[in-house]
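Here's the structure we're looking at; comments come further down.
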Amino acid sequence: MLLLLWQDGPLCPCLSGARSGDVPLCCPGAGPEAAWKKGAEPKRAERCSSSSCSRLQETVDWVGDYNEPLTGFSWRGGSERETTGIQIWSEIFLVDKPDGTKVAVLLMDTQGTFDSQSTLRDSATVFALSTMISSIQVYNLSQNVQEDDLQHLQLFTEYGRLAMEETCLKPFQSLIFLVRDWSFPYEFSYGSDGGARFLEKRLKVSGNQHEELQNVRKHIHSCFTNIACFLLPHPGLKVATNPNFDGKLKEIDDEFIKNLKILVPWLLSPENLDVKEINGNHITCRGLVEYFKAYIKIYQGEELPHPKSMLQATAEANNLAAVATAKDTYSRRMEEVCGGDKPFLAPSDLQSKHLELKEEAVKLFRGVKKMGGEEFSRRYLQQLEHEIDELYIQYIKHNDSKNIFHAARTPATLFVVIFITYVIAGVTGFIGLDIIASLCNMIMGLTLITLCTWAYIRYSGEYRELGAVIDQVAAALWDQALYKLYSAAATHRHLYHHAFPAQKSESTEGSERKRM
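The following block contains the structure:
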């Protein structure tokens, strides 16, 4: 969906145009948040951002008329989402920085996370894409920064980092925690100063924290070059409860407007605009087009792992642990039966013991309390049975290696070939078929060399691959030729005795008379 919007919309030619195509890019983005929390006040900030980009350097009041309804990015109040995917403002604002360089400012809005119509992968993809193409990512949160917000941020940024090339630099640039509806100004004051103190406390890594909490905070610090926070007050009950609110400033509390006038210049004043960088290189508008297309192809493919919910990840870990426990139990019991220090066991006894221990392992797996339910655990049960069957094949090979007759099959086969070719060579040489006799002598010589080579490999342990090939050839020769000859001879003898039972009995009676 994002790729179609990108290719078919007016943004691509706008970014690649002569006016802005080669200008370094600054892309502030409003990051995903819970869909039901997103209302008029962040949209007001985004709308003010679009107007302030071209008017911040002027002396006029960029906030606008207090009786003017809110337009710009689509918005509405309510519990359902309004924004879908990633929306980018179609106009690019060229801003002069204090050092005289021009920067192209691109504004971006994204859909909320964890709404009723998006999967976890959808939310992770939207957040990751917006973070990857933004120079300033605004993480829009309501009332506070909770631990689950940090965990989601960790998951989504890691999903974005997977799609990027590995580098020694931090993968992303600036992250702004925009905490709206802040209700504790007596602890931390509104604005960036109170936000900085609040965020320092929230992201602090201390020795008495659990390792999981430390890892989350270390990960966030390792992903972003700059991290800041802005605490924004509640816009007022008229905004929160009026279904007909259309975004007019006159209905918003003065405290909110006061801090809004601080927030937007804090984000978008020319000296605070960060040029978009990827792997340490400045990105132009035209370059962003190619990066965006490349990133979307990555997320549309299957190269990246799918992010999982906490329940699904826990259930998988729970079932995998049960599989490992049952499999270890099977292996331990089988080692007691046919381990390295145990003698050769009859194949039928080994199979019956395998079936018995496999059933015990399955019962052990089913007896472990697991998350996810019976249907979820069924594929892990199948995985356990498959892995046990693979282990059983290895135990069969290990047990066969202890059988002296099985171990001697290769030299026995080679000896038989040598004997047969020796006899045939002697007979054919006696009757004058010298060509066949020479061929048999050559085969006999090659077989003798092969036998000596096999013996050296068994003794020294070198050239094991060659030894395995000799064993395979000998096994194939035995199965396809010698064993069939032996079976045919045995069958012929059996048929002969059934065809001439009288001769056998007469010869037996005659021998008895001679004894008498």
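Numbering-wise (UniProt numbering), the sequence shown opens with residue 1 and increments by one.
Heads up, the beta-carbon is just placed ideally off N, CA and C, and yes, glycines get one too.
Helix, strand or coil: which one does DSSP assign to residue i?
i           : result
residue 414 : helix
residue 138 : strand
residue 419 : helix
residue 277 : strand
residue 231 : strand
residue 226 : strand
residue 253 : coil
residue 37  : Note on residue 37: pLDDT 37, under 50, position unreliable in the model; no value is reported.
residue 382 : helix
Can you tell me which of the options puts its alpha carbon nearest to the alpha carbon of residue i?
i           : options               : result
residue 124 : 186, 415, 157 and 104 : 157
residue 107 : 99, 94 and 172        : 94
residue 154 : 96, 220, 418 and 68   : 220
residue 192 : 343, 402, 244 and 267 : 267
residue 135 : 204, 178, 151 and 225 : 225
residue 143 : 174, 170 and 190      : 190
residue 283 : 173, 68 and 98        : 173
residue 254 : 239, 243, 246 and 265 : 239
residue 333 : 323, 343 and 357      : 357
residue 285 : 97, 467, 474 and 102  : 102
residue 317 : 331, 287, 418 and 371 : 371
residue 161 : 175, 211, 138 and 132 : 132
residue 350 : 396, 378 and 402      : 396
residue 195 : 222, 223, 231 and 182 : 231
residue 457 : 359, 475, 445 and 470 : 470
residue 70  : 248, 186 and 147      : 248
residue 179 : 186, 198, 169 and 171 : 198
residue 467 : 295, 475, 480 and 453 : 453
residue 589 : 265, 480 and 401      : Any property of residue 589 remains undetermined from this structure, which presents the chain solely from 1 to 516.
residue 184 : 151, 222 and 145      : 145
residue 347 : 359, 246, 450 and 399 : 399
residue 473 : 412, 436, 459 and 320 : 412
residue 323 : 366, 169, 206 and 182 : 366
residue 296 : 130, 91 and 98        : 130
residue 369 : 321, 335 and 360      : 321
residue 65  : 252, 362, 182 and 465 : 252
residue 277 : 465, 170 and 448      : 170
residue 229 : 373, 447, 210 and 139 : 139
residue 176 : 209, 433 and 272      : 272
Could you spell out the range, first to last residue, of the alpha helix (DSSP H) harbouring residue i?
i           : result
residue 214 : 211 to 223
residue 519 : Any answer about residue 519 is impossible in this case: the structure gives the chain only from 1 up to 516.
residue 372 : Careful: residue 372 lies outside any alpha helix (DSSP H) and carries neither H nor E.
residue 241 : 237 to 241
So that I know if they touch, is there some Cβ in chain B lying closer than 8 Å to that of residue i?
i           : result
residue 434 : No chain B appears in this structure, which consists of one protein chain only.
I'd like to confirm something about residue i: is its beta-carbon nearer than 7 Å to some heavy atom of the ligand FMN, or not?
i           : result
residue 289 : Absence of the ligand FMN from the depicted structure is noted, as is the absence of any ligand whatsoever, leaving it without description.
Review point. Residue ranges of each beta strand (DSSP E) run of no fewer than 3 residues wholly in the stretch 83 to 108, ordered along the chain?
Key: 86 to 88, 93 to 96 and 102 to 105
Check your understanding: Which residue spans inside the stretch 438 to 486 form an unbroken alpha helix (DSSP H) run of at least 4?
Key -> 464 to 477
Check your understanding: Which runs of the beta strand (DSSP E) spanning at least 3 residues fall entirely within the stretch 144 to 192, listed in chain order?
Key -> 172 to 180
Review point. Does the pairing of the stretch 378 to 391 with the stretch 418 to 431 give three or more beta-carbon distances under 8 Å?
Key: no
Review point. Does the stretch 317 to 330 come close enough to the stretch 383 to 397 that 3 or more CB-CB pairs lie under 8 Å?
Key: yes
Check your understanding: Is the stretch 256 to 264 touching the stretch 229 to 239, taking contact as three or more C-beta pairs under 8 Å?
Key -> yes
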